[in-house]
Amino acid sequence: MAILKFGIYSFIGLLAFLAPITIGGESSIIMGHLKNFVLNNFSSWVNFLIMFCSVITITGTTLGFIKKNFKEQYLNDLFVTDKLSGILRIGGSFMFILISLGLAPEFLSNENTGGLMAGDMIPPLMVTFFIGVMLMPLLTSFGLVEFIGTLIAPIMRKIFKVPGYAAIDALASFLGDGTIGIVVTDQQYQKGYYTQREAAIIATSFSIVGISFAAVVADLLKFSKIFWIFYGTIAFSTIIAGFIIARLPLKKFKNEYYEGNKVDDSGARSFAEALHLATTTAGKASEKEIVVDSLFKVLVIYVTFIPVIMCVGSIGLVIAENTNFFNILSMPLMPILRGLGFTHEVASQMAPAMIVGFSDMYLPALFIENTTSEVARFIVGTLSFAQLIFLSETGMILVNSKMGFSILDVAKFFILRTAITFPVIYSIAMILVKFGILSY
Numbered sequence: 001m002a003i004l005k006f007g008i009y010s011f012i013g014l015l016a017f018l019a020p021i022t023i024g025g026e027s028s029i030i031m032g033h034l035k036n037f038v039l040n041n042f043s044s045w046v047n048f049l050i051m052f053c054s055v056i057t058i059t060g061t062t063l064g065f066i067k068k069n070f071k072e073q074y075l076n077d078l079f080v081t082d083k084l085s086g087i088l089r090i091g092g093s094f095m096f097i098l099i100s101l102g103l104a105p106e107f108l109s110n111e112n113t114g115g116l117m118a119g120d121m122i123p124p125l126m127v128t129f130f131i132g133v134m135l136m137p138l139l140t141s142f143g144l145v146e147f148i149g150t151l152i153a154p155i156m157r158k159i160f161k162v163p164g165y166a167a168i169d170a171l172a173s174f175l176g177d178g179t180i181g182i183v184v185t186d187q188q189y190q191k192g193y194y195t196q197r198e199a200a201i202i203a204t205s206f207s208i209v210g211i212s213f214a215a216v217v218a219d220l221l222k223f224s225k226i227f228w229i230f231y232g233t234i235a236f237s238t239i240i241a242g243f244i245i246a247r248l249p250l251k252k253f254k255n256e257y258y259e260g261n262k263v264d265d266s267g268a269r270s271f272a273e274a275l276h277l278a279t280t281t282a283g284k285a286s287e288k289e290i291v292v293d294s295l296f297k298v299l300v301i302y303v304t305f306i307p308v309i310m311c312v313g314s315i316g317l318v319i320a321e322n323t324n325f326f327n328i329l330s331m332p333l334m335p336i337l338r339g340l341g342f343t344h345e346v347a348s349q350m351a352p353a354m355i356v357g358f359s360d361m362y363l364p365a366l367f368i369e370n371t372t373s374e375v376a377r378f379i380v381g382t383l384s385f386a387q388l389i390f391l392s393e394t395g396m397i398l399v400n401s402k403m404g405f406s407i408l409d410v411a412k413f414f415i416l417r418t419a420i421t422f423p424v425i426y427s428i429a430m431i432l433v434k435f436g437i438l439s440y
């Protein structure tokens, strides 16, 4: 029974996230078709849900500031946060409400700034996250992570110079959620599974935002029909970056265990062991508990993540629409992009999009979505994931961890990953152009 659960659920999960299916003449992964169905038939209900969640977020986060701690842990998970995150949540929620009611000032509500976020971006995000998070356990809760992670564990030390345990952490981030990956890595570091250097390598090499959010960005940039190529490019460039970063000095991060703790990482991994771990996990998995847990995760995303995207995205678009800040900051990239054959118009859209991801990883897609160049959209979209670190979420989690990151360290790793992964992604894009999959 357990092996059937492992096989059937994992197969359905892979099918849902990776296999393009044509329905009504449109080719997309199952998630994309479900999202379009909901938006086309229940858009008013989606907007009502966003308004409701905005009110809940404002009320709950304000109470979280006042009370500091609730008796119920789930309320702490939802509403207790640091000041910056709380301000971004409340700000984003207020922005959505004011824009939806027509009460926001024109600079915030126009179709190129907050109006774009509230009308065209947030509703699809809400739907896609719901579908993605509800389907994600098919990949992460029934043994697939343990199966693949165990099989690839032996090569982790050779290629990335980290213990085999990191294979499961990395795979969970790729298929699940990068922020959870960082938290798990920090916990494993404190328990003695990794040295400080190993933890830093894992956290800055594999903790990318997971496949469900990649599907959101791919859909926005019109790459759902080649999603497996889109996400495969992210994965490949991330692996290359991890290989290189693992061999850099990283002098600040010592090859020492947290408070002297150390856990042994010896022993060979086999197919039989991988299958045993997978079936054990599948056998213990309760569908009812998984559904309840997934629904709570959706609520957490609606309260903690969506408002931040609304706030940071709107502010970023207002700055881009009314100032030359990002254009000036990205000027050094213009000669490089022009030298690679992009027109001045396309390069001027790509350059700011390539750096704005440091503030929030959804902004690059917003900056580049309307360019006519498929190559430009593909490069910026995949690069925004490969860059991995953004201040609105993963960056601040790293700073608040026990691994010893500062804001300056976070900025350095962002620049480093950009420098490493851009040539890799550009090369893949050129191959796709040659085979007629992408066009300039």
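In the working numbering, the protein residues as written are 1 to 440. All residues carry an ideal CB built from backbone N, CA and C; glycine is no exception.
1. I believe Met121 touches Gly313 by the beta-carbon criterion, under 8 Å. Please report the beta-carbon distance rounded to the nearest angstrom.
2. Can you round the beta-carbon distance between Val380 and Ala353 to whole angstroms, since I take them to be within the 8 Å contact cut?
3. Is it the case that the Cβ atoms of Thr421 and Ser141 are separated by a distance below 8 Å?
4. Look up Thr113 in the DSSP assignment and say whether it is helix, strand or coil.
5. Ignoring anything shorter than 4 residues, give me the alpha helix (DSSP H) runs that lie fully in the region 177 to 256, in order along the chain.
6. Which of helix, strand or coil does DSSP assign to Pro20?
7. Please report the distance separating the alpha-carbon of Arg377 from that of Gln349.
8. Please classify Ile425 as buried or exposed, where buried requires at least 16 other C-beta atoms within 10 Å of its C-beta.
9. Rounded C-beta distance between Lys158 and Arg197? I'm assuming under 8 Å.
10. Which class does Ile159 belong to by DSSP, given the choice of helix, strand or coil?
11. Out of Leu108, Ile29, Glu72, which has the shortest C-alpha to C-alpha gap to Asn322?
12. State the Cα-Cα distance for the pair Ile336 and Ser27, rounded to the nearest angstrom.
13. Comparing C-alpha positions only, which one of Met117, Phe230, Glu256, Thr204 sits nearest to Ile50?
14. Can you look up Leu389 in the DSSP assignment and give me helix, strand or coil?
15. Just to confirm my understanding: we take Lys402, look at its own chain, exclude 5 residues before and 5 after, and list those with CB closer than 8 Å. What are they?
16. Pick helix, strand or coil for Gly43, following the three-state DSSP scheme.
17. Under the three-state reduction of DSSP, which class applies to Ile437: helix, strand or coil?
18. Taking the alpha-carbon of Leu383 as reference, which of Val216, Phe230, Lys71, Pro105 has the nearest alpha-carbon?
19. What does Glu26 pair with, by DSSP beta-bridge criteria?
20. Report buried or exposed for Met331, applying the criterion of at least 16 other Cβ atoms within 10 angstroms of its Cβ.
21. Are three or more beta carbon pairs between the region 4 to 15 and the region 200 to 212 nearer than 8 Å?
22. If we ignore side chains and look at the alpha-carbon of each, how far apart do Ala274 and Gly149 end up?
23. When DSSP labels each residue in this structure, what does Glu369 get in the three-state scheme?
24. Under three-state DSSP, which class holds Gly132?
25. Quick one: residues in its chain with C-beta nearer than 7 Å to the C-beta of Ala200, no 5 flanking neighbours on either side, listed in chain order?
26. Between Ile309 and Tyr440, what straight-line distance do the alpha-carbon atoms span, to the nearest angstrom?
27. The alpha helix (DSSP H) that contains Ala351, what's its start and end?
28. In the DSSP assignment, find the unbroken alpha helix (DSSP H) run with Met334 in it and report its ends.
29. Are the beta-carbon atoms belonging to Leu388 and Thr204 less than 8 Å from one another?
30. Out of curiosity, what's the CA-to-CA distance linking Trp45 and Ser85?
31. Indicate whether Leu438 and Glu369 have their beta-carbon atoms separated by less than 8 Å.
32. Please identify the residue among Leu333, Val410, Lys225, Leu391 whose C-alpha is closest to the C-alpha of Ala19.
33. Can the beta-carbon of Ser93 be found closer than 8 Å to that of Ile58?
34. Determine the DSSP secondary structure at Thr323, reduced to helix, strand or coil.
35. Which word fits Phe435, buried or exposed, when buried means at least 16 other C-beta atoms lie within 10 angstroms of its C-beta?
36. Can you tell me whether DSSP reads Thr382 as helix, strand or coil?
Result, derived from the coordinates:
1. The count along the sequence shown starts at 1 and reaches residue 121 at position 121. The count along the sequence shown starts at 1 and reaches residue 313 at position 313. About 7 Å separates the two Cβ atoms, so the contact holds.
2. In the sequence shown, counting from the first residue as 1, residue 380 sits at position 380. In the sequence shown, counting from the first residue as 1, residue 353 sits at position 353. About 5 Å separates the beta carbon of Val380 from that of Ala353, a gap short enough to meet the 8 Å contact definition.
3. Here residue 421 refers to the residue found at position 421 when the sequence shown is read from its first residue. Here residue 141 refers to the residue found at position 141 when the sequence shown is read from its first residue. Against a cut-off of 8 Å, the Cβ pair of Ser141 and Thr421 comes out as no contact.
4. Start at 1 with the first residue of the sequence shown, and residue 113 comes out as number 113. If DSSP states are grouped into helix, strand and coil, Thr113 belongs with coil.
5. The region 177 to 256 contains these whole alpha helix (DSSP H) runs: 178 to 191, 196 to 205, 211 to 220, 227 to 245.
6. The sequence position of residue 20 within the sequence shown is 20, counting from 1. For Pro20, the three-state secondary structure derived from DSSP is strand.
7. Stepping through the sequence shown from its first residue, residue 377 is reached at position 377. Stepping through the sequence shown from its first residue, residue 349 is reached at position 349. Their Cα atoms are separated by approximately 10 Å.
8. For the purposes of this step, residue 425 is taken as the residue at position 425 of the sequence shown. Buried is the call here.
9. Indexing the sequence shown from 1 puts residue 158 at position 158. Indexing the sequence shown from 1 puts residue 197 at position 197. At roughly 16 Å, the Cβ-Cβ gap does not stay under 8 Å, so Lys158 and Arg197 are not in contact.
10. The residue you call residue 159 lines up with position 159 of the sequence shown. Note: Ile159 maps to helix in three-state DSSP.
11. In the sequence shown, the residue the question calls residue 322 occupies position 322. Residue Leu108 is the option with its Cα nearest to Asn322.
12. Your numbering for residue 336 matches position 336 in the sequence shown. Your numbering for residue 27 matches position 27 in the sequence shown. Cα to Cα, the separation comes out at about 34 Å.
13. By 1-based counting over the sequence shown, the position of residue 50 is 50. Ile50 has its Cα closest to that of Met117, out of Met117, Phe230, Glu256, Thr204.
14. Along the sequence shown, read from residue 1 onward, the residue named residue 389 stands at position 389. The question names Leu, but residue 389 is Ile in the sequence shown. Three-state result, Ile389: coil.
15. In the sequence shown, counting from the first residue as 1, residue 402 sits at position 402. Excluding residues within five positions, the ones whose Cβ falls inside 8 Å are Asp186, Tyr189, Gln190, Tyr258.
16. Taking the sequence shown and counting its residues from 1, one reaches residue 43 at position 43. The sequence shown places Ser at residue 43, rather than the Gly named in the question. Here Ser43 sits in helix by DSSP.
17. What you label residue 437 is simply residue 437 of the sequence shown in a count that begins at 1. Note: Ile437 maps to coil in three-state DSSP.
18. By 1-based counting over the sequence shown, the position of residue 383 is 383. Here the closest residue by C-alpha is Phe230.
19. To locate residue 26, count along the sequence shown from 1; it is residue 26. In the DSSP assignment, Glu26 forms a beta bridge with Ile23.
20. Here residue 331 is taken as the residue at index 331 of the sequence shown, counted from 1. By the neighbour-count criterion, in which 16 or more other beta carbons inside 10 Å mark a residue as buried, Met331 falls on the exposed side.
21. Taking a cut-off of 8 Å for Cβ pairs, the region 4 to 15 and the region 200 to 212 do not touch, as fewer than three such pairs fall below it.
22. In the sequence shown, counting from the first residue as 1, residue 274 sits at position 274. In the sequence shown, counting from the first residue as 1, residue 149 sits at position 149. Those two C-alpha atoms are separated by around 8 Å.
23. Numbered from 1 along the sequence shown, position 369 holds the residue referred to as residue 369. Reduced to three states, the DSSP call for Glu369 is coil.
24. In the sequence shown, counting from the first residue as 1, residue 132 sits at position 132. In the three-state reduction of the DSSP assignment, Gly132 falls in the helix class.
25. Indexing the sequence shown from 1 puts residue 200 at position 200. Excluding its 5 nearest sequence neighbours in each direction, Ala200 has C-beta neighbours in its own chain below 7 Å: Leu250, Phe253, Met403, listed in chain order.
26. Along the sequence shown, read from residue 1 onward, the residue named residue 309 stands at position 309. Along the sequence shown, read from residue 1 onward, the residue named residue 440 stands at position 440. Approximately 29 Å, taken between the alpha carbons.
27. Here residue 351 refers to the residue found at position 351 of the sequence shown. For Ala351, the enclosing alpha helix (DSSP H) begins and ends at 344 to 356.
28. As a working mapping, residue 334 is identified with position 334 in the sequence shown. Element bounds for Met334: 334 to 339.
29. Taking the first residue of the sequence shown as position 1, residue 388 is located at position 388. Taking the first residue of the sequence shown as position 1, residue 204 is located at position 204. Closer than 8 Å, so yes.
30. Within the sequence shown, the letter at position 45 stands for residue 45. Within the sequence shown, the letter at position 85 stands for residue 85. Straight through space, the alpha carbons of Ser85 and Trp45 are spaced by roughly 27 Å.
31. Position 438 of the sequence shown, counted from the start, is the residue given in the question as residue 438. Position 369 of the sequence shown, counted from the start, is the residue given in the question as residue 369. Against a cut-off of 8 Å, the Cβ pair of Glu369 and Leu438 comes out as no contact.
32. Walking along the sequence shown from the start, residue 19 turns up at place 19. Among Leu333, Val410, Lys225, Leu391, the Cα nearest to that of Ala19 belongs to Lys225.
33. Locating residue 93 in the sequence shown gives position 93, where the first residue counts as 1. Locating residue 58 in the sequence shown gives position 58, where the first residue counts as 1. Cβ distance < 8 Å, so Ser93 and Ile58 count as in contact.
34. Walking along the sequence shown from the start, residue 323 turns up at place 323. Coil at Thr323, not helix or strand.
35. Taking the sequence shown and counting its residues from 1, one reaches residue 435 at position 435. Exposed: under 16 other Cβ atoms inside 10 Å.
36. Along the sequence shown, one-based indexing puts residue 382 at 382. Thr382 falls in the helix class under three-state DSSP.
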